[in-house]
Amino acid sequence: MQYTTLGKTGIRISRIGFGGIPIQKIDAAGTRQLFLQMRQVGINYVDTARGYTVSESYIGEAICGMREHFVLATKSMSRTREAMAKDIETSLANLRTDYIDLYQVHNPTMEQLEQVIAEGGALEALLEARAAGKIGHIGLTAHSLEVFAKALTLDWVETIMFPYNIVETQGVELIRKCAEKEIGFIAMKPLAGGALDDATLALRFIASNPDVTVVIPGMADEREIEQNIAAVCDGSPLTGEENAKIEEIRAALGTQFCRRCNYCAPCTVGINIPGVFLMDGYLTRYGLGDWAKSRYDAMEKKASDCVGCGACETRCPYQLPIRDMLQAVAARFGR
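Residues 2 to 336 in my numbering are what the sequence shown spells out, letter by letter.
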């Protein structure tokens with residue numbers, strides 16, 4: 002296992018971390034087995050969030066008796082002092098610990114970031130919790146380049162999490178500035194929200210950038226842990242063949258694709274928007290037409306059910322033209 006320092010926090014962490022989203026699909030016992038394996042192989046950085054339903058509580062149960070072997074990072078979308086203080090206490094209870102190594106402001110807009118740092122904002126609760134020893138360090142996550150750039154100017158920000166992968170390299174210059182300012186950089190969406198099917202290539206690409214402190218792929222079984230460690234800790238430079246494949250993937254995906262973050266939900270009429278786009282990917286990119294159509298046909302709501310209200314687009318952190326994209330999917334599937 003390769004280790005590095007998480008920016009100015011001084012914490013030594015594994016170069017590959019554990020993304021806590023997928024364990025929502027398994028159970029507490031399965032999560033415990035994953036953590037036993039991670040302890041054995043040396044993965045110590047753990048990412049979760051208040052918004053990931055049971056993720057915090059599953060992790061809290063999983064680390065019982067071995068808390069000292071893991072660096073816990075979680076995050077909250079609360080913007081006020083009162084709400085953030087409540088979330089911190091909930092996280093401590095869920096994770097069954099008396100301290101959290103890194104607590105992050107989760108995906109604020111520029112306007113929300115101003116609220117966070119204003120009087121009565123969430124930052125007050127974070128600073129109070131840090132002074133009380135309940136949290137060790139404070140970070141921020143973002144999907145917007147504008148928010149990323151602003152975070153680099155805030156002296157309380159010790160880490161920044163931002164999407165970085167084969168098809169999302171828009172933040173590479175700001176990632177370099179993180180390294181220059183000793184701000185830990187956490188690469189999220191390493192598989193572009195599931196749009197990339199070659200996990201080994203995706204992780205090797207990210208690990209080849211020395212400015213990335215840690216990458217946090219979601220992992221739900223022991224096989225994924227082994228494969229991801231091998232990819233991140235390989236250390237060899239990308240080959241000509243791998244670089245050629247990267248360019249092919251970029252050409253195929255472009256920039257307007259769903260990362261399956263689910264921030265668009267809930268749809269006014271109940272369309273599973275990320276699910277619809279996932280089936281479209283199987284149809285158009287992977288040549289699984291019959292399978293994709295059968296799965297699409299089984300969905301209760303189809304792309305053609307969109308009423309064009311646009312509520313989803315106001316919530317999408319990537320500003321995708323979701324209504325137009327749904328119309329295109331409906332045309333390809335015929336309904």
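Cβ coordinates follow ideal geometry from the N, Cα and C atoms, glycine included.
| query | result |
| --- | --- |
| Near PHE206, which residues of its chain fall below 6 Å by C-beta distance, leaving aside the five closest residues on each side in sequence? | ILE167 |
| Determine the direct distance from the alpha carbon of MET189 to that of GLU181, and round the result to whole angstroms. | 20 Å |
| Taking ARG13 as part of the beta strand (DSSP E), name the residues at either end of that continuous run. | 13-15 |
| Candidates ARG13, ALA143 and ILE184: which alpha carbon is nearest TRP157's? | ILE184 |
| Considering Cα atoms alone, identify which of THR81, PHE19 and GLY52 is closest to ALA63. | PHE19 |
| Determine the extent of the beta strand (DSSP E) in which LYS87 is found, giving its start and end residues. | Taken as a continuous stretch (DSSP letters only), LYS87 belongs to no beta strand (DSSP E), being part of the alpha helix (DSSP H) at 82-95. |
| Alpha helix (DSSP H) containing THR10: first to last residue? | Element bounds for THR10: n/a, residue is neither H nor E. |
| From this set, SER79, VAL55, HIS138 and GLN171, which residue's C-alpha is nearest ASN95's C-alpha? | VAL55 |
| Just the C-alpha distance for GLY290 and VAL330, rounded to the nearest angstrom, thanks. | 13 Å |
| Excluding sequence positions up to five away, which residues of its chain have a Cβ less than 8 Å from the Cβ of LYS26? | ALA221 |
| So, at 6 Å on beta carbons, what are the nonlocal neighbours of LEU327 in its own chain, with the 5 sequence-adjacent residues on each side left out? | ALA304 and CYS307 |
| Tell me whether THR54 sits in a helix, a strand or coil according to DSSP, three-state version. | coil |
| Could you please give me the residues that DSSP links to VAL106 through a beta bridge? | SER77 and LEU141 |
| For SER209, which of ARG260, ILE139, ASP198 and PRO191 has the nearest alpha-carbon? | PRO191 |
| Can you list, in chain order, the residues of its chain with a C-beta nearer than 6 Å to that of ALA130? Leave out the 5 residues immediately preceding and following it. | ILE89 and ILE136 |
| Whole angstroms are fine: how far does the CA of TYR319 sit from the CA of LEU254? | 14 Å |
| Among LEU128, GLU169, THR98 and ILE118, whose alpha-carbon lies nearest the alpha-carbon of THR154? | ILE118 |
| Verify whether the separation of the beta carbon atoms of ARG13 and THR6 is less than 8 Å. | yes |
| Can you have a look at TYR59 and say buried or exposed, based on whether 16 or more other CB atoms are within 10 angstroms of its CB? | buried |
| What residue does the alpha helix (DSSP H) around GLY276 start on, and which one ends it? | 274-285 |
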